[in-house]
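Protein chains in written order, with my numbering: chain F, 178 to 629; chain S, -13 to 328. These notes are about the structure you will find just below.
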């Protein structure tokens, strides 16, 4: 046996004995092919990295503005004659005064502030001054007054939102040139805003309200926030967590460890793989038919969204969970059975703990996918204008709510350009959540991973 | 074991809470994306000023909204459908078949349809005939019916700028498309005399109308199935394009768009209200009468919507671009009396 290789090398006389230091043509060609392949790989990675960087840069530059907001500080004289015409300070009577009247009180307050600072700008109209502040301000003042009727007749300081165009001016989205053509603002108005900012009345600061506020109508993009969407997404994830995770894991354990291998389990297996590949909108159609039309659950509710996403996520949890269980070496099961454990004890005491990191990773990635899903929610009424925050649990599951990806979709369709900034801001919030979930998945895998 | 217990208890909790939340406490609205901004503005003000929850407003197009509206009566169906065109007879029939018999029709005002190009482009002064000659599949040239080969706006009308014809028009699922075909293309067809030529060539009236509104398919008339934001994005990427927009959308984007005149009239809420600007259409919403009294706040919401403070000429809707209805008082009366469609 030992001299076989020797004799075979002798039997190839046409091949010159090559030097180790000099490469022959074939070696060169092989090395070149390898170098080329490496270059392809590097190019592929470079292209995807560039795409990622461009995407992130667009979103970050577009959406960073949503986290800062411009406010105007004005003293408002709460005129009793307008706000409480009957003069009896009865909240029920005062509630009949609509925000439109409060708007006029605020207009007077802004005009007074401009006059107090002695700002004179040629061509500045009264509308320019009145439209400096957001329409949201009148609701803000009204709520405060109705909560404290004794404020009427006094002069109270308010921090009110400036209008979307003014806010855009301080963020660089609106310029003097674009204002020239814009019917919603004017260069004079921007100049006034600049003067007020120079005097410290207009400030731009971090916008917590973006994270807590609800959606707002097209007339006040400056007041829109992702609060309802975050709550809605959270409720839906809770439903998915409570339903999909136990059902998914139980199904995988049974199929992997206990089920007999026969034609029926084969069919089930194929169907699970197929379900994982079904387009998600199909689950929306199913949800509309089964949960809303048949079961009579309310539209736009996180419970329906959660149930639909549960159906969608189940196969996506079952597949990685089965893979994780399969990866536990059979010797572990055999050893457990060998020392007298029952089948169930071997699974729950030995196999399952060892498969946990893989299962957790699968579960978290499945949830992350469900968090970013929009299509199935379109059909069950979650792509809607929802202004009220849902209640606490469990009743809040049945209140209308939005979801983060849906909110992004919704805002990109609005006519006011300020909503584009909000949409990018909502994408950033969504990306942060997804990043956190993925980091958690990686951390869990690293922490509990075991090698054999 | 604990997993199983957990699942069972979770299901039990959900089943228990499902029974408590049978009734719905907010009004639900769906339908036209043209009416959507007005509807959300009113919903927002309604929630701010009244003790009712803010109505939930969904967008789904006029057709989609009316389809949901006609699904039946009950708390898990919507209360109001927004529409940018009147309800069709076929839709009424579906409604009746599903038990939605008493429908209140509420006209909230008028909306203008404008033609706008990129703000950097030239000024356009169109007539409906220009639009017909630019976009129709068949046009009349020297008395003959020929395929439309016009490539430039100046080919259609020497007074128009020499710019390539590229129009972004609303897709067929939009209510706006119907108005565009009827008030612009068909009107242009009649105005240019093409209608007569079609009839003279042996077509009956319906066939001639269809010939008028059949648009060319060589890529110069592009259907936009999305919203106006998509049309705007297309114009930004191809500055030669001309888009069809709602007046309120244009008024919110005057820094990016330049509007064209029709027959010498610039579109504005005033010229539309006076009827000088020809391309406008009424906006509606439809209310299920059976839900009034069942869904709290529905009657109040409808009355609030058509009140003078909201839908009147000085209200927030007019400020946003709605042309207020001169017969608003009649609508208010009909709403208060609960008058249904016959």
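Note that beta-carbon positions come from the ideal geometry of N, C-alpha and C, so glycine has one too.
Shown here for residue 115 of chain S: same chain residues with a beta carbon closer than 6 Å to its own, the five before and five after excluded, namely 174, 177 and 178 in chain order.
The Cβ-Cβ distance between residue 567 of chain F and residue 573 of chain F falls below 8 Å. Within the stretch 547 to 573 of chain F, 558, 560, 561, 562, 563, 564, 565, 571 and 572 place their CB atoms closer than 7 Å to a CB of chain S, listed in sequence order.
The beta carbon of residue 305 of chain F lies closer than 7 Å to those of 363, 365, 366 and 369 in the same chain, with the five residues before and after it left out.
Per DSSP, the continuous beta strand (DSSP E) segment holding residue 332 of chain F begins and ends at 332 to 338. Listed as beta-bridge partners of residue 124 of chain S by DSSP are S/133.
Contact between the stretch 213 to 221 of chain S and the stretch 582 to 594 of chain F is present: 3 or more CB-CB pairs across the two stretches fall below 8 Å. Under the Cβ criterion of 8 Å, residue 350 of chain F is not counted among the residues facing chain S. DSSP places residue 287 of chain F within a helical segment (H, G or I) once states are collapsed to three. Using beta-carbon distances, residue 266 of chain F does not count as an interface residue toward chain S, since no partner is under 8 Å.
F/323 is the residue among F/404, F/323, F/227 and F/575 whose C-alpha sits nearest the C-alpha of residue 257 of chain F.
Spatial neighbours of residue 499 of chain F in its own chain (CB-CB distance under 7 Å, excluding positions within 5 residues in sequence) are listed in chain order as 429, 432 and 433.
In the structure shown, residue 90 of chain S falls within a strand segment according to DSSP collapsed to helix, strand and coil.
Annotation: the stretch 53 to 115 of chain S contains the following complete segments of the alpha helix (DSSP H) (minimum length 4 residues), in chain order: 75 to 83.
Interface residue (Cβ-Cβ distance to chain S less than 8 Å): residue 361 of chain F is classified as such. Burial is judged here by how many other beta carbons sit within 10 angstroms of a residue's own beta carbon; residue 150 of chain S has fewer than 16 and is exposed.
Take the alpha-carbon of residue 550 of chain F and the one of residue 582 of chain F: they are about 7 Å apart. Between residue 345 of chain F and residue 595 of chain F a beta carbon distance of about 6 Å is seen, short of the 8 Å cut, so the two are scored as contacting.
Cβ atoms of residue 340 of chain F and residue 399 of chain F come within 8 Å of each other, at about 6 Å. Just so you know, the alpha carbons of residue 53 of chain S and residue 80 of chain S end up roughly 8 Å apart. Nearest CB-CB separation between residue 79 of chain S and chain F: not below the 8 Å threshold.
In the DSSP annotation of this structure, the continuous segment of the beta strand (DSSP E) that includes residue 383 of chain F starts and ends at 379 to 383.
Apart from the 5 residues on each side of it in sequence, residue 361 of chain F sits with its Cβ closer than 7 Å to the Cβ of 342 in its chain, given in chain order. Taking every protein chain shown into account, the CB of residue 82 of chain S has fewer than 16 other CB atoms within 10 angstroms, so this residue is exposed. Within chain F, the residues placing a beta-carbon under 7 Å from that of residue 40 of chain S are 564 and 565, ordered along the chain. Excluding its 5 nearest sequence neighbours in each direction, residue 537 of chain F has C-beta neighbours in its own chain below 8 Å: 618, 621, 622 and 625, listed in chain order.
Considered as a whole, the stretch 215 to 290 of chain S harbours 228 to 232, 243 to 245 and 266 to 274 as its complete beta strand (DSSP E) runs of no fewer than 3 residues, in chain order. The CB of residue 287 of chain S never comes closer than 9 Å to any CB in chain F; the least such distance is about 13 Å. Interface flag for residue 428 of chain F against chain S is unset, since no Cβ pair is found closer than 8 Å. Look at residue 155 of chain S here: in three-state DSSP terms it is strand. The beta-bridge partner set that DSSP reports for residue 16 of chain S consists of S/67. If you compare the alpha carbons of S/143, S/17 and S/11 with that of residue 269 of chain S, the shortest gap goes to S/17.
Contact note: residue 26 of chain S reaches chain F through 394, 395 and 562, using a C-beta cutoff of 7 Å and chain order. Sorting F/392, F/420 and F/421 by C-alpha distance to the C-alpha of residue 407 of chain F places F/392 at the top. Within chain F, the C-beta atoms nearer than 8 Å to that of residue 29 of chain S come from 394, 562 and 564, in chain order. Linking residue 331 of chain F to residue 226 of chain S through their CA atoms gives a straight-line distance of about 57 Å.
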